[in-house]
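Peer 1:
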Amino acid sequence: GQNIDQPTEMTATEGAIVQINCTYQTSGFNGLFWYQQHAGEAPTFLSYNVLDGLEEKGRFSSFLSRSKGYSYLLLKELQMKDSASYLCAVRDNYGQNFVFGPGTRLSVLP
Amino acid sequence: DAGVTQSPTHLIKTRGQHVTLRCSPISGHKSVSWYQQVLGQGPQFIFQYYEKEERGRGNFPDRFSARQFPNYSSELNVNALLLGDSALYLCASSSSEGTGTNYGYTFGSGTRLTVV
C-alpha cells in the first residue's frame, strides 16, 4: 500500500528554525518532493531528493534516508510568509504521478 | 508565459448533477494530471494524460472521466455528483510523460467545487 505520514500542525516563532518530518511506505520510489501550499492556492515546488543526504536551497533544506523511509524539510530564519501547508510527496517508479502526504500546516508567530 | 490555467475557479453544483472542469497546460507541456484535494488533506491522484492517451488512473469511481485534446488541454468530467466530491481539483502539467525533471509538476490554482 501507499502511506505517507506528516504531523498535522506545527507552530514556530519568526526567525526560528523548524523541521517538518515525513515518513513514507510506498510500493515504488523515484524521488521525494516537498511542496508549499498557501491557503486557496496551488502547491509550489520547494525541493527534491532522490539520493540519500541533504539538499540545501537558501533558507530551505531537505533530507532523505531511503533505507528508513524518512525525509525532513528544514526551514531556517522563519518569516511570517512561511505560514502555509507543506506537502511531502513520493513519485512512483514510472514517474507518472505522486502520492502526497496529508500536509503539515505551519503557523509562524511574531 | 502563462502558467497552468484552470476554469472555472469556483463552482457550485447540486447532488446528481454533472460537472466539467478545464485545464490548459503550460505551452509545450504534453502531460496533464488531475488531482483531488479535500479540505485539510493532501492531493489525491485521479488521472494522467500524455499525448492524448490515458497513462494512469487513481482509485476513483467510473463517475470520473477525463480526456486530452490535440492542443494538450484537458477536461475532467464528474457525473452524478455526491456531497463528498466537494474539493479543490488541481491540474498539473509537465513536459514529459513521466515527471522526469527534478521539478515534477507545475500546478494550476485549481477549481473549487462545492456540491450541495
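First to last, the protein sequences are chains A and B.
The first sequence lines up with residues 20 to 129 when you count with the numbering used here.
The second sequence lines up with residues 48 to 163 when you count with the numbering used here.
Built from N, CA and C at the ideal position, the CB exists for glycine as well.
These figures come from a predicted structure and were not determined experimentally.
(1) Is B/L86 helix, strand or coil when you go by DSSP?
(2) Hey, how far is the Cα of A/L92 from the Cα of A/R78?
(3) Mind pulling the chain A residues with CB within less than 7 Å of B/L137?
(4) Whose C-beta lies closer than 7 Å to the C-beta of A/G34 among residues of the same chain, with five residues either side of it excluded?
(5) Beta carbon of B/G75: closer than 6 Å to some heavy atom of the ligand FAD?
(6) Can you pull the chain B neighbours of A/G120, defined as C-beta to C-beta under 7 Å?
(7) Taking 7 Å as the CB-CB limit, is B/Q95 close to chain A?
(8) Could you check whether A/Q21 and A/V118 sit closer than 7 Å to each other, using their CB atoms as the reference points?
(9) B/V125 and B/R62: beta carbons closer than 7 Å?
(10) So with CB distances below 7 Å, who are the chain B contacts of A/N116?
(11) Compute the distance between the beta-carbons of B/S120 and B/S71, then report whether it is under 7 Å.
Peer 2: So, from the data block:
(1) Looking at B/L86 - three-state DSSP - the assignment turns out to be coil, as it is neither helix nor strand.
(2) A/L92 and A/R78: Cα-Cα distance of roughly 10 Å.
(3) Under the 7 Å cutoff, chain A gives A61.
(4) These residues qualify, in order along the chain: E96 and L97.
(5) This structure simply doesn't include the ligand FAD, nor any ligand for that matter.
(6) Result: G89.
(7) Residue contact check for B/Q95 against chain A: a CB pair falls below 7 Å.
(8) Contact flag set, yes.
(9) Taking 7 Å as the Cβ cut-off, B/V125 and B/R62 do not qualify as a contacting pair.
(10) In chain order: S80, F92, Q95 and G103.
(11) For B/S120 and B/S71, yes; Cβs fall inside 7 Å.
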